[in-house]
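Everything below concerns the one structure shown next.
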Ligand code: AMP
């Protein structure tokens, strides 16, 4: 199938050709036709499937008739609203809107917290047809009456599951109440909980369901590996793995901001270049840490779930769960950062005794048994030469959305961070080519490392117990 078979306008086909895309991804092939026909859509698709173009292209086509070059703000009311859970994702979506809409004179803007609000107000005053926003900052604008949503006819909730996880539901409801009832609505979500289905029921009218990966699936190009290790030994094991396997680009997940900070600091002290991103860091700091990671200046990026959501990092080879996520759906999200666009990736989880139940919940959700590697030799060396000081696992979780929101407020107008949103389109690493891969992808592969010198592992660790080396 080609893009022209989907009924897209010539201006869009040109923008697609400029990107070098030759054929639609599965989610695009399934979602674009009903959206073009004006239907509501509920799509199960993760980041990396091409979902952004899947809603952006038909949205641009639906709005094309309103495109104009008038300087009058009145000629540019907000007609489409795209809500995303995080600032980074909002920036990426806005980048796509600009990329695919470059031959159509529709205006777009992105608003999110952590940066000065004034430039956003100026942009909104001038008039934009397409607004990409995080809920908290959008409510700030609505409160200040710097945006009017009464003409919105097209709504997208992107990564809706994450928005609910972050506690955005009340905000979403407040925003929905300010939209015209007559509109086309789309809901994209990587995972489907009952809460999401409930929200979809409220939001969508006779939606077309689009599914390109099975519910709560993990992609087949990712190999999974679990190390059972004491909580206090996790950092040493991680340093050891990174050094011995010469791992170069590692996204590490911690459950808390303090834990992420501390781990990044300690890894750095261990001689492994590391930085942390989480919601207490300013947007400027987050963007810089991400840029340095993508450029390879920093080997390890330690992140919390909120900060890492939606990141599209080109060819990310390793994801490490330093802490197992409290919710098994988050394992799917975390692991989805690697093994994208047909590349191989490896998901390593460091699991302490206390996390056994979390591991069981993940295995239940995925309906697979994750292969286990005993720390073996590493553990024996550690016991015979213990390090000073005890490391307690962190207990304060990443804040729910309210707290996150407060930090957005704190850093809003008065804060001396970069006054402008960084220009996402200037960062080519947010995009990478899509390679079609299988849609039915449920088997966790056994622990064959995707990258890194295999031999070193074999020399350092005892082989896994046969009973544990099982597959789905
Ligand atoms: P997304 O799932 O929206 O985050 O998209 C993932 C990546 O796939 C983005 O970097 C897009 O540039 C890329 N992409 C989207 N559609 C296509 C396509 N039809 N062919 C090749 N690459 C694509």
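Residue numbers (my numbering): 1182 to 1653. Quick reminder that beta carbons are idealized off the backbone N, C-alpha and C, glycines included. Predicted model only: the values in this text are computed from it and were never measured.
Rounded separation between residue i and residue j - CA only
i	j	result
residue 1569	residue 1414	Confidence at residue 1569 is low in this model, with a pLDDT of 38, below 50, so its placement is unreliable and no value can be given for it.
residue 1330	residue 1373	28 Å
residue 1253	residue 1244	18 Å
residue 1353	residue 1427	44 Å
residue 1376	residue 1299	35 Å
residue 1294	residue 1203	36 Å
residue 1232	residue 1199	18 Å
residue 1286	residue 1250	6 Å
residue 1425	residue 1552	20 Å
residue 1459	residue 1186	42 Å
residue 1190	residue 1218	13 Å
residue 1446	residue 1473	16 Å
residue 1356	residue 1320	7 Å
residue 1278	residue 1554	44 Å
residue 1610	residue 1468	At residue 1610, the pLDDT of 25 sits below 50, so the modelled position is not reliable; the number obtained from the coordinates is stated separately. Distance between the alpha carbons of residue 1610 and residue 1468: 12 Å.
residue 1480	residue 1363	49 Å
residue 1498	residue 1470	18 Å
residue 1205	residue 1358	34 Å
Residues sharing a beta bridge with residue i, DSSP
i	result
residue 1263	1313, 1337
residue 1409	1532
residue 1458	1484
residue 1499	1431, 1527
residue 1464	The partner list for residue 1464 (beta bridge, DSSP) is empty, contrary to what the question assumes.
residue 1553	1407
Under the three-state DSSP convention, the category residue i falls into
i	result
residue 1526	strand
residue 1226	coil
residue 1418	helix
residue 1218	coil
residue 1442	helix
residue 1290	strand
residue 1625	Because residue 1625 sits at a pLDDT of 41, beneath the cut-off of 50, its placement in the model cannot be relied upon, and the point is left open.
residue 1190	coil
residue 1487	helix
residue 1432	strand
residue 1404	strand
residue 1204	coil
residue 1619	Per-residue confidence for residue 1619 stands at a pLDDT of 34, beneath the threshold of 50, marking its modelled position as unreliable; no derived number is given.
residue 1183	coil
residue 1239	helix
residue 1297	coil
Neighbourhood of residue i by C-beta, 6 Å cutoff - its chain only, sequence neighbours within 5 removed
i	result
residue 1511	1486
residue 1451	1420
residue 1539	1505
residue 1271	1265, 1291, 1293, 1313, 1315
residue 1360	1330, 1333
Sequence-distant residues of the same chain with beta carbon closer than 7 Å to residue i, five excluded per side
i	result
residue 1435	1441, 1444, 1483, 1485, 1503, 1504
Contacts around residue i, its chain only, beta-carbon distance under 8 Å, and the 5 residues preceding and following it disregarded
i	result
residue 1310	1244, 1247, 1248, 1257, 1258, 1259, 1260, 1261, 1287, 1288, 1289
residue 1196	1280, 1281, 1282, 1283, 1284
>> Quick check for students: name the residue ranges of the alpha helix (DSSP H) that lie wholly in the segment 1318 to 1402, counting only runs of 4 or more.
In response: Fully enclosed alpha helix (DSSP H) runs of 4 or longer: 1341 to 1346, 1350 to 1358, 1375 to 1384.
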